[in-house]
Structure formats: C-alpha cells, structure tokens
Amino acid sequence: MISLFFSGMLALYAFALVVFDNELFLPFLYLINVVMVGAYGLYALIVRVKPKFPAPFIAYTVLVALSVASIFWSVDQNFSIGMVRTMALILVSMFVVYNIIIHFGNATAFFIGLYAAIGFNLLMALGLVNLNLSEVGIRFLGSINQSNLMGYIGHVTVFFGYVHIVSVAGRRSVAAKKMVEILALLAICVVAVFVTYLTGSRTAIVLVAALLLWVFLTAFFKPVIAVPLIGVVVAAYLVVSSGSLGKLVISGDVDFANVAEMVYNRMESGAENDDGSVDERADLARAAYALYSERPLLGNGIGAFQSLNVSYAHNNYLEIMSSVGMIGLICMLSFYGLILRAILSMRVWRFKLLFGLMLLSFMAYDMALVSFNAKFQMLTPAVMLACITILRQNGERSLFNNPDFQVENQQRRRRRKRRSIGLSV
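Going by the UniProt record's numbering, the first residue of the sequence shown is number 1, and it counts up by one from there.
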C-alpha cells in the first residue's frame, strides 16, 4: 500500500512538473512537491530508511552553496534570494525523487506521469484543452509556456519510453501481455515525437532524430557501429541545413484539419522561414560573456544576467559563468562528469552508449536553454541516474525488480570476485 502511494505521488509529480509549471498553476506544483517531500521524510523517519546521496548531487549542492554565498556580492540581492530558493527546492526534490525510485523500484511511475502530461499537451495542440496562458508564440508553447523546453520534454519522454520498452521486453511475463504494453508505449513515443515536432525547437528535433536513429540502427547493427553512423547523419544535417526549421502558428482554436495543414506546410517550406531567434541568442550570448568577463572567478551573483537583461542567456554555461563564475561552471560540469562515471560503470554496452547519448543530449540542450535552476531539466538527470542504479541491481536487464535478476547478479559478482582473487594469487 505504501509503495502504491509513493508510485502515485511520483506519477502525479511528474505530471505536475509539465502541466503546472506556469504562471497560473505554479502553486499546485509547489503543493504537490511539499506533500511528496513531507510524506517521504515522515516515512524515512518512521521506517528509519537511510537515504542515499549520490556523488552528482554533491556537485549540485556545492553549486547551490556557492549561489547562496554569491548573494552578498550580487547586483540584485532580492532576485538572487528568489533564485536560490528555487535551486534549494530543486536539490531537495532531486534527492527525494531519486530515493523514492531507488527504495521502491518504481521509475516507471515517473514515466507514466510524463506520458499523461504529453497526452495532455497533445490535447492542447489540437485545441481540445485551453489553459488560458497569457503568452502567445509562433510555435507550440505547450503547458510549460516555452517551446524549447516543451521540445526538451518531448525528447525526454521518447527516451524514457524507449527505456521502458526495453525493460518490458526484458521482464519475465506472458509474451502477449508484454506485446500489448510495448505497442502502447510505442504509441506514446509517437505522440511525444509529434509534440516535439510542433514546438519547432531545432535542438529538440535534431536530438530526437538522433535518438530515433539510435533505436533503428541498434536493431540491425551492434552499438559500436550505430554510434558512428548517427554521428555522420547529425554532422550531415548541420552542414546541409540552413537557418530555422520554420514557423508553426498555434492558437487556442486549432482543430484536426488545421494541425494537418500546418504539418504539411512545415514539410513543404519550413526551412525557408526564419524566426530570428538565432541572431537574438547570439546577442544574448555576447552580453552574458561580457558580464562574465567583469568577474571571471566568482561571477556577479546568482541570476545577475537575468536581473540586468530581463531575459536568460539561452546558454546554461554562459548563464552560470556570468552568475557564479568559473567555479560555478566547474560544479555544473562535475555534475555531468559524475553521472558519466556512473554510466561508464555499466556492464552492458548497449545501455552504456544509450545513456551516454542522452547525457550528451542534456549537455547539448545547455547550449540553448538554462537548466541549473530549472525544475524539470535538473530532475531528469537525477531520474536517469536512478534508472542506472536499478538496472545495475537487476543485472542490467530491466527496471522492474525481480528477485531472480538480483540473485543472478549477486552470483555473477561473486564469480568475478573469485576470478580476480585467483588471478592475484
């Protein structure tokens, strides 16, 4: 019963992260967050659970501590205090979500909440649901009210959907039941790809295409062959593609016919249009670097660039450098580096390369988005890290806990240990 409660809480939180993280419904997200954190804290005290605090979280904790210290030399202390509160909440949420997944083995509960949120956004795109958000864009903004971040969410949904499919295939159950689940998950992935396409996010579309290529090529080739082929295709796109992938006007009264027409127009002449965002981001990047140059070691205080320019830098690395300097950048890169260390410790090359590809995608998104103070973007690597931990416990076969997998994994470790002792003798 307790496991079911926390699974439901995790699914609800994942749904809220996507649907409620906007100016109208943000209080609901905070309420769900507080309930989840409080419930797990109470459970841990009663049952005397020893929570785990993985190494990547230490790197982010140092970044949060540095951000707190930067308030004293910040150009706008009130703005910095607000951002530090957000980062502290993100750290607590990462810690709680990671430990819930590890303790109850329910990573798929988070995925289910994400699937529901993507379905909700599809209804928004079709005009069947309207949240009455204030901002209107030339591309599909989604419930998150930001097209690039919505594209990121769609990409992450495809990734977790694929990991879910692999786990279902590796689970010991009736073949017919597994096939039904896999077909349902494939349908969800198709919806996520479509929603990503509607956002018009160049980064998201390219990275989703790379992930789909991975899925397709690894079905026919070994991973070591698939990776170079994916690199060649992505490089070819970067060389051949020119400008924007086009505009897509989405309003609140879109129906099925309009969606079909817009998709056709995008396919026909999408590359000929340009929304001017590339030039705007270049200007923001130059301004962020100029601000960083004033105080390169410790920066100008957390959130300095946003406070001075009423906009973020569209580049996570430059945003961090302008806020907390080179030391802050080292903390962020250490966060990714320690996750990479966990990935490299995996035994199965297919998983190792798949999670490595997704980690590179996270770092690529940081060239277009600011993630260090974003709830969903910081939580996603934490969920991925939890998936890696569960997979290793199950002999890297499935996310679903199975005593047989764990016994076999323990026996395999004992055999490796005996062989290493024999070699040393």
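Think of the CB as a built atom: it goes at the ideal place given N, C-alpha and C, for glycine as much as any other residue.
How would you call residue i, buried or exposed, if buried means at least 16 neighbouring beta carbons within 10 angstroms?
i	result
Ser-293	exposed
Asp-366	buried
Asn-394	buried
Asn-22	buried
Lys-177	exposed
residue 427	The chain is shown from 1 up to 425; residue 427 falls before or after that span and cannot be answered.
Val-259	In this prediction, Val-259 has a pLDDT of 48, which is less than 50 and means its spatial position is unreliable; what the coordinates show is noted afterwards. Answer is buried; the Cβ neighbour count reaches 16.
Leu-183	exposed
Met-1	exposed
Ile-46	exposed
Ala-59	buried
Glu-319	buried
Met-332	buried
Gly-41	exposed
Phe-6	buried
Phe-54	According to the sequence shown, residue 54 is Pro rather than Phe. Pro-54 is buried by the Cβ-count criterion.
So what's residue i in DSSP terms, helix, strand or just coil?
i	result
His-314	coil
Ala-368	coil
Met-346	coil
Ile-144	coil
Arg-48	coil
Gly-270	Reliability fails at Gly-270, whose pLDDT of 42 lies under 50, so the model's placement of it is uncertain and no value is given.
residue 485	Only positions 1 to 425 of the chain appear in this structure, which leaves residue 485 out of reach.
Ala-290	helix
Ser-398	coil
Met-1	coil
Leu-23	Leu is not the amino acid found at residue 23; the sequence shown has Glu there. Three-state DSSP puts Glu-23 in coil, outside helix and strand.
Ser-323	helix
Ser-361	helix
Ser-70	helix
Gly-8	helix
Ile-302	coil
Arg-392	helix
Arg-85	helix
Phe-53	coil
Ala-204	helix
Val-263	Note on Val-263: pLDDT 49, under 50, position unreliable in the model; the coordinate value appears next. If DSSP states are grouped into helix, strand and coil, Val-263 belongs with the helices.
Rank the options by C-alpha distance to the C-alpha of residue i and give the top, closest one.
i	options	result
Leu-66	Phe-355, Ala-313, Gly-299, Pro-381	Gly-299
Leu-198	Leu-211, Arg-139, Ala-16, Ala-109	Arg-139
Ser-323	His-314, Ala-16, Gln-306, Ile-2	Gln-306
His-103	Pro-51, Thr-157, Gln-146	Pro-51
Ala-117	Ser-345, Asn-106, Leu-63, Ala-192	Ala-192
Leu-122	Ile-100, Gly-154, Ala-313, Leu-385	Gly-154
Leu-12	Ile-32, Ser-361, Phe-362	Ile-32
Lys-352	Ile-388, Met-378, Val-370	Ile-388
Leu-133	Arg-295, Phe-5, Phe-20, Val-190	Phe-20
residue 427	Ala-88, Phe-110, Ile-144	The question about residue 427 has no answer here: the residues shown for the chain are numbered 1 through 425.
Thr-203	Ser-70, Leu-149, Val-190	Leu-149
Lys-375	Val-84, Val-62, Val-68	Val-84
Val-68	Val-158, Gly-301, Val-156, Val-180	Gly-301
Leu-17	Gly-41, Thr-380, Tyr-317	Thr-380
Gly-303	Phe-355, Ile-71, Glu-181, Ala-175	Ile-71
Ala-342	Ile-205, Ala-282, Met-384	Met-384
Thr-108	Ile-81, Trp-73, Thr-196, Phe-159	Phe-159
Ile-188	Ile-112, Met-179, Leu-213	Ile-112
Ser-311	Phe-6, Ala-287, Ile-327, Met-87	Ala-287
Short of 6 angstroms in beta carbon distance, which residues of its chain neighbour residue i, apart from the five on each side in sequence? Order them along the chain.
i	result
Tyr-43	none
Pro-56	Phe-335, Leu-338, Ile-339
Asp-76	Ser-307
Tyr-98	Ala-382, Ala-386
Met-321	Tyr-292, Leu-329
Less than 7 angstroms between C-beta atoms, sequence neighbours within five positions excluded: which residues of the same chain meet that for residue i?
i	result
Pro-403	Reliability fails at Pro-403, whose pLDDT of 46 lies under 50, so the model's placement of it is uncertain and no value is given.
Ala-257	Low local confidence applies: a pLDDT of 44 at Ala-257 is under 50, so the model's placement there is unreliable, and no value is given.
Met-36	Met-9, Tyr-13, Val-96
Gly-62	In the sequence as displayed, the identity of residue 62 is Val instead of Gly. Cys-331.
Thr-196	Gly-151, Gly-154, His-155, Ala-204, Ile-205, Val-208
Phe-15	Gly-113, Ala-116, Ala-117
Give me, in chain order, the residues of the same chain whose beta-carbon lies closer than 8 angstroms to that of residue i; leave out the 5 immediate sequence neighbours on both sides.
i	result
Glu-396	Met-346, Arg-347, Val-348, Phe-351
Ile-390	Ile-101, Ile-102, Gly-105, Ala-107, Leu-399, Asn-401
Met-94	Phe-57, Tyr-60, Met-378, Leu-379, Ala-382
Tyr-317	Leu-329, Met-332, Asp-366, Met-367
Contact criterion: CB-CB distance below 8 angstroms. Does residue i meet it with respect to chain D?
i	result
Phe-351	Given the protein chain composition of this structure (a single chain), no chain D is represented.
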